[in-house]
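Chemist: Here it is: the structure, laid out below.
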Amino acid sequence: MERCYPQIAAALGEQRTRDWLCGAREVDELAVATSARSTGLGARLLRAVTEDRADGRCWLLTSVGATDTLRFYARTSWTAVTHPTPSGANLAAFLGPRHSARALAPRPL
Numbered sequence: 107m108e109r110c111y112p113q114i115a116a117a118l119g120e121q122r123t124r125d126w127l128c129g130a131r132e133v134d135e136l137a138v139a140t141s142a143r144s145t146g147l148g149a150r151l152l153r154a155v156t157e158d159r160a161d162g163r164c165w166l167l168t169s170v171g172a173t174d175t176l177r178f179y180a181r182t183s184w185t186a187v188t189h190p191t192p193s194g195a196n197l198a199a200f201l202g203p204r205h206s207a208r209a210l211a212p213r214p215l
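Heads up: the sequence shown begins at 107 in the working numbering, then just goes up one per residue.
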């Protein structure tokens, strides 16, 4: 899959991209087998790869077409900050539960 950073940067704008994403930890891929869903494994994996970030600055992106995934991130307190991207790539960027910019995300998306 081609990287989608230009689309996310266009959706957030230069300043937010720099302030919210640059230097933060990106969760690049997270997948849980269908048989393991609804067991808490996905939430545990997500915490395991982000909890050691002292400043809480973590982010990820996913397809807006992955509705179960969008609901999962919302349930685990990740905050959507884009939806959809202006280029039509239909991506959503999320900030982690301890990311300092979560409260700055425009509402409603």
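Cβ atoms here follow ideal geometry from the backbone N, Cα and C, with glycine treated the same way.
1) Rounded to whole angstroms, what is the Cα-Cα separation between ARG163 and LEU201?
2) Enumerate in chain order the residues of its own chain whose CB-to-CB distance from MET107 is below 7 Å, with the five nearest sequence positions on each side excluded.
3) Going by C-alpha distance, which of GLY171, ALA180 and LEU136 is nearest ARG208?
4) Does THR145 pass the burial test, meaning 16 or more other C-beta atoms within 10 Å, or should it be called exposed?
5) Would you mind sorting GLY129 into buried or exposed? The rule is 16 or more other CB atoms within 10 Å of its CB.
6) Just to confirm before moving on: does the CB-CB distance between TRP165 and ARG131 stay below 9 Å?
7) Closest to ILE114 by CA distance: which of ARG204, SER206, VAL187 and PRO203 is it?
8) How should ALA199 be labelled, buried or exposed, when 16 other C-beta atoms within 10 angstroms of its C-beta is the threshold for buried?
9) When the Cα atoms are used, what is the spatial distance from ALA142 to SER206?
Modeler: Working from what's here:
1) Position 57 of the sequence shown, counted from the first residue, corresponds to residue 163. Position 95 of the sequence shown, counted from the first residue, corresponds to residue 201. Computed Cα separation, rounded: 8 Å.
2) Residue numbering aside, residue 107 sits at position 1 when the sequence shown is read from its first letter. Reliability fails at MET107, whose pLDDT of 37 lies under 50, so the model's placement of it is uncertain and the value that follows must be treated cautiously. No residues qualify anywhere along the chain.
3) Numbered from 1 along the sequence shown, position 102 holds the residue referred to as residue 208. With distances taken between Cα atoms, ARG208 lies closest to ALA180.
4) Mapped onto the sequence shown, residue 145 falls at position 39. Label assigned to THR145: exposed.
5) Along the sequence shown, one-based indexing puts residue 129 at 23. Its Cβ having fewer than 16 others within 10 Å, GLY129 is exposed.
6) Within the sequence shown, the letter at position 59 stands for residue 165. Within the sequence shown, the letter at position 25 stands for residue 131. In contact: TRP165 and ARG131 (Cβ atoms closer than 9 Å).
7) Here residue 114 is taken as the residue at index 8 of the sequence shown, counted from 1. That would be VAL187, whose Cα lies nearest to the Cα of ILE114.
8) Along the sequence shown, one-based indexing puts residue 199 at 93. It counts as buried.
9) The residue labelled residue 142 in the question sits at position 36 within the sequence shown. The residue labelled residue 206 in the question sits at position 100 within the sequence shown. Going by the C-alpha atoms only, they are around 31 Å apart.
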